[in-house]
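Report on the structure given below.
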Amino acid sequence: MSGVVLPSPAATIHVAGAAKMDAEPEQPTKNAVDNDQSPSPSEPDSDAIKMFVGQVDGSGLSPPTTRYAHDSFKNVVVELEENPILGIRTPEGDEGLWGGERVVKGWIESAPYTKKKILPRYWVPKLFFPALKTSVLYSEILDKYIKVTVTERAMRLIDENFGLDYYILKSNEIDLDSKFANSLKRELLLTLATESYYENDEDKKCYIKDKYAEFKIPEEEAEWVGLDLNEAARKLQDIEDSMPPVPLKYSLEKDLVERLRGGLDEVSQELEGPNAPVRTESKFGDKLFGKYMNPIGQKLRNATR
Amino acid sequence: MLPATFLQRLAHQVNRQSTRNTWVLRRVFQPEATPVGQIQKNPNDFHDYQKYEVVEFETQKAAGPIKVILLQDVEGIGHQFDVVSVDRTLARKDLLLSRKAVYASPFDLKYYADMKTRMAEELASRIRIPYELKVVGRDLQKLVVPIKVNMENKWKIDTKLVKSSLRQMGVFVKENTIHLGPKEISGPNFDIEAKIFRFYVVVNQQYIVPMLGRITHISVDESKQILSPSMTTPRDEELKRYSIRKEFPLFSKTPDFAEDFPVFEHMQEHAPLTAQ
Chain A
1 MSGVVLPSPA
11 ATIHVAGAAK
21 MDAEPEQPTK
31 NAVDNDQSPS
41 PSEPDSDAIK
51 MFVGQVDGSG
61 LSPPTTRYAH
71 DSFKNVVVEL
81 EENPILGIRT
91 PEGDEGLWGG
101 ERVVKGWIES
111 APYTKKKILP
121 RYWVPKLFFP
131 ALKTSVLYSE
141 ILDKYIKVTV
151 TERAMRLIDE
161 NFGLDYYILK
171 SNEIDLDSKF
181 ANSLKRELLL
191 TLATESYYEN
201 DEDKKCYIKD
211 KYAEFKIPEE
221 EAEWVGLDLN
231 EAARKLQDIE
241 DSMPPVPLKY
251 SLEKDLVERL
261 RGGLDEVSQE
271 LEGPNAPVRT
281 ESKFGDKLFG
291 KYMNPIGQKL
301 RNATR
Chain B
1 MLPATFLQRL
11 AHQVNRQSTR
21 NTWVLRRVFQ
31 PEATPVGQIQ
41 KNPNDFHDYQ
51 KYEVVEFETQ
61 KAAGPIKVIL
71 LQDVEGIGHQ
81 FDVVSVDRTL
91 ARKDLLLSRK
101 AVYASPFDLK
111 YYADMKTRMA
121 EELASRIRIP
131 YELKVVGRDL
141 QKLVVPIKVN
151 MENKWKIDTK
161 LVKSSLRQMG
171 VFVKENTIHL
181 GPKEISGPNF
191 DIEAKIFRFY
201 VVVNQQYIVP
211 MLGRITHISV
221 DESKQILSPS
231 MTTPRDEELK
241 RYSIRKEFPL
251 FSKTPDFAED
261 FPVFEHMQEH
271 APLTAQ
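If you read the sequences in order, they're chains A and B. All residue numbers for the first sequence refer to UniProt numbering, where the first residue is 1 and numbers rise by one. All residue numbers for the second sequence refer to UniProt numbering, where the first residue is 1 and numbers rise by one.
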């Protein structure tokens with residue numbers, strides 16, 4: 001019975017983790033493929049709050065690398081599933097940099113209150129909170145100091161990515177999992193797009209331009225990054241409202257006049273040219289009622305001569 | 001009905017929830033596999049699937065040191081453009097925020113390595129005092145050494161007397177590293193009681209540290225004791241009163257200041273009046 005050994009049923013979660021930047025793309029899961037459902041956009045699609053059926057390794061999580069595995073004990077092929085531990089998104093989390101951490105609501109086993117040989121298991125409600133602290137961070141692009149609530153996880157991710165700017169720009173919006181982080185990302189991208197940094201220091205300007213060249217995108221694109229659905233809809237509505245509606249007849253009329261002036265109007269050319277179509281009377285009525293109508297018509301024509 | 005003890009325990013448990021940490025959790029009961037053709041159930045719909053056990057507190061693991069590139073000379077850490085591993089807290093709270101250092105990112109490593117090669121001559125010409133010497137110099141300059149002299153027998157201030165006075169202060173130096181002024185001070189003379197005078201100590205034949213001594217008359221006879229002034233560092237006005245200027249240590253790249261070197265005369269001319 002060779003084959004892939006089924007991972008142990010232990011599954012772990014970083015309540016506070018965030019996705020590794022260089023992680024391989026995940027295999028399609030049963031949830032997404034069989035039922036034609038994509039993961040909810042409001043839930044971060046990252047190691048941060050996903051729990052996988054898999055072995056606990058040093059990093060904390062090991063998502064299933066394959067869709068199917070062979071259970072050597074039962075001698076059957078089983079389908080591996082993702083069962084995420086879903087965290088609660090908090091307003092405070094939107095105001096800070098939590099590095100993908102969330103509050104998790106669950107139950108833990110209580111200390112037994114009776115001394116018996118076989119003890120019943122009592123479960124008590126528990127909220128698992130991330131470790132929060134206030135920290136000052138420096139943004140090189142904006143040249144500003146930012147006082148913000150962070151977690152140790154976020155600080156370590158900032159260190160891993162060599163600074164706040166790199167962390168914000170490299171991370172996916174879903175992995176940032178924070179309104180503040182997304183708006184900061186938008187601001188950074190807009191600043192890079194417009195090159196409105198270090199106006200008085202040419203050396204520093206060149207340094208920033210070279211350092212963050214890979215993240216530069218057009219301003220029109222950068223304006224839409226990091227907006228939530230309401231903001232994006234409002235922005236689109238504002239853009240549409242700012243352009244007054246022009247009736248089509250004006251534009252079509254203008255177009256026709258231009259075509260006529262330039263001699264590009266095919267219809268008018270056809271009517272005036274030597275190869276213009278010859279007008280012929282319809283034979284439709286002739287075919288249907290010619291037998292009866294033609295003699296009458298002939299009489300009428302003769303009478304009017 | 002639940003017993004009161006259980007409810008009390010539950011209340012304690014709920015109160016303890018305010019502790020915040022980065023948790024790594026594991027489900028106690030694994031969700032069952034979804035039958036073929038059916039939609040996967042939301043694990044949060046069942047209490048059993050919300051029962052967790054803690055695998056570890058990630059926050060309690062030390063993150064270790066962090067690599068940074070220094071943008072200026074930082075005492076006790078390194079010189080400009082050095083790539084050093086420093087304590088994470090120090091880097092986050094001081095070096096990175098005050099722009100004394102940047103993260104050692106691949107781009108910055110290349111950028112500042114190029115800058116270092118461009119500025120090689122300028123960096124080589126800079127006077128860089130070793131951190132150990134700076135610390136020793138700073139500690140010695142804080143001292144005002146009480147030079148204890150006899151109020152009955154004749155005495156003359158020499159290197160041996162200064163050496164023993166320094167030893168009483170916990171500073172151990174060789175006699176040949178102490179350099180006194182050309183003007184001889186002798187006694188007993190109560191006019192010069194508590195007078196401050198300048199002398200120099202040479203460290204490693206490279207670093208001349210200006211120091212202050214204060215004459216203090218003492219006696220074996222307890223009835224003749226003089227109340228000595230406190231040994232605090234004198235203010236600038238007090239130094240002016242004794243015609244002493246404020247000086248800072250002088251460093252030489254090569255060990256020039258040997259025994260026979262005229263340290264006192266040299267410092268009269270070349271003593272730095274600001275910190276090097």
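Ideal Cβ placement from N, Cα and C applies to all residues, glycine included.
Same chain only: Cβ atoms within 7 Å of residue 182(A), ignoring 5 sequence neighbours per side: Scanning its chain for C-beta atoms nearer than 7 Å, with the 5 sequence neighbours on each side dropped, one finds around residue 182(A) the residues 173, 176 and 226, in chain order.
Show which residues of chain B have a CB atom less than 8 Å away from the CB atom of residue 81(A). Residues of chain B passing the Cβ test: 31, 33, 34 and 40.
Opposing strand residues paired with residue 68(A) [DSSP bridges]: In the DSSP output, where bridge partners are listed per residue, residue 68(A) has 79(A).
Does residue 243(A) get closer than 9 Å to chain B when you measure Cβ to Cβ? No, residue 243(A) does not count as interfacial toward chain B.
Would DSSP call residue 73(A) helix, strand or coil? Reduced to three states, the DSSP call for residue 73(A) is coil.
Residues of the region 150-183 of chain A with a CB closer than 8 Å to any CB of chain B: list them in chain order, please. Listed by position, the residues of the region 150-183 of chain A near chain B (Cβ gap below 8 Å) are 151, 152, 153, 155, 156, 159, 162, 163 and 166.
If the cut is a Cβ gap below 8 Å, which residues of chain A does residue 107(B) touch? Listed by position along chain A, the residues whose Cβ is nearer than 8 Å to that of residue 107(B) are 210 and 211.
What alpha helix (DSSP H) runs, 4 residues minimum, are completely inside the region 142-166 of chain A? DSSP assignment within the region 142-166 of chain A yields the following whole alpha helix (DSSP H) runs of 4 residues or more, N-terminal first: 152-160.
Nearest-angstrom beta carbon gap, residue 172(B) and residue 205(B) [assumed within contact, 8 Å]: About 17 Å separates the two Cβ atoms, so there is no contact after all.
For residue 82(B), which residues in the same chain have their Cβ closer than 6 Å to its Cβ, ignoring the five residues on either side in sequence? Cβ within range, chain order: 70.
For the alpha helix (DSSP H) holding residue 270(B), just list the boundary residues, first then last. Following the DSSP letters along the chain, one finds residue 270(B) inside the alpha helix (DSSP H) bounded by residues 263-270.
Could you tell me how far apart the beta carbons of residue 208(B) and residue 200(B) are, in whole angstroms, since I believe they sit closer than 8 Å? Indeed they touch by this definition, with Cβ atoms about 5 Å apart.
Length of the line joining the Cα atoms of residue 219(A) and residue 232(A): Going by the C-alpha atoms only, they are around 15 Å apart.
State whether the region 79-98 of chain A contacts the region 28-47 of chain B, with contact taken as three or more CB pairs (one from each stretch) at a distance under 8 Å. At 8 Å Cβ cutoff, the stretches touch.
Please classify residue 269(B) as buried or exposed, where buried requires at least 16 neighbouring CB atoms within 10 angstroms. Counting Cβ neighbours within 10 Å, residue 269(B) comes out exposed, since fewer than 16 surround it.
Cβ closer than 8 Å: which chain A residues qualify as neighbours of residue 90(B)? The CB of residue 90(B) never comes closer than 8 Å to any CB in chain A; the least such distance is about 13 Å.
Please list, in chain order, the residues of the region 83-116 of chain A that have any C-beta partner in chain B closer than 8 Å. Listed by position along the chain: 83, 84, 85, 86, 101, 104, 105, 106, 107, 108, 109, 110, 111 and 113.
In this structure, does DSSP put residue 119(B) in helix, strand or coil? Under the three-state reduction of DSSP, residue 119(B) is assigned to coil, being neither helix nor strand.
Count the other CB atoms within 10 Å of the CB of residue 196(A); is the residue buried (16 or more) or exposed (fewer)? By the neighbour-count rule (16 or more Cβ atoms within 10 Å), residue 196(A) is not buried but exposed.
Assuming residue 193(A) is part of the alpha helix (DSSP H), what are its boundary residues? If you look at residue 193(A), you'll find it in the alpha helix (DSSP H) that goes 179-194.
Below 9 Å between beta carbons: does that hold for residue 52(B) and residue 104(A)? The answer is yes: Cβ separation under 9 Å.
Less than 9 Å between the beta carbons of residue 68(B) and residue 96(B), yes or no? Cβ atoms of residue 68(B) and residue 96(B): closer than 9 Å.
Our contact map puts residue 185(B) next to residue 244(B) with C-beta atoms below 8 Å; I'd like the distance itself, whole angstroms only. Incorrect: roughly 13 Å between the Cβ atoms, too far for contact.
Establish whether the CB of residue 122(B) and some CB of chain A are separated by less than 9 Å. It does not: the Cβ of residue 122(B) has no partner Cβ on chain A nearer than 9 Å.
Buried or exposed: where does residue 74(A) fall if 16 or more other Cβ atoms within 10 Å of its Cβ makes it buried? Exposed is the call here.
Output, in chain order, the set of chain B residues within a Cβ distance shorter than 7 Å of residue 224(A). Against chain B, the beta carbon of residue 224(A) has no neighbour under 7 Å; the closest one sits roughly 27 Å away.
Where do the ends of the alpha helix (DSSP H) carrying residue 250(A) lie? Unbroken alpha helix (DSSP H) run through residue 250(A): 248-262.
Pull up the DSSP beta-bridge partners for residue 53(B), would you. DSSP lists 26(B) as partners of residue 53(B).
Can you give me the Cβ contacts of residue 141(A) inside the same chain, cut-off strictly under 8 Å, excluding the 5 residues immediately before and after it? Sequence-distant Cβ neighbours of residue 141(A) in its own chain, meaning closer than 8 Å and more than five residues away, are 165, 188, 191, 192, 197, 208 and 212.
With a 10 Å radius around its C-beta and 16 neighbouring C-beta atoms as the bar for buried, classify residue 134(A) as buried or exposed. With fewer than 16 Cβ atoms within 10 Å of its Cβ, residue 134(A) is classed as exposed.
Kindly indicate which three-state DSSP category residue 209(A) falls into: helix, strand or coil? Three-state DSSP puts residue 209(A) in a helix.
If I'm right that residue 202(B) touches residue 136(B) with Cβ under 8 Å, what's the distance once you round it to whole angstroms? Your pair residue 202(B) and residue 136(B) does not check out as a contact, with CB atoms roughly 11 Å apart and the cut at 8 Å.
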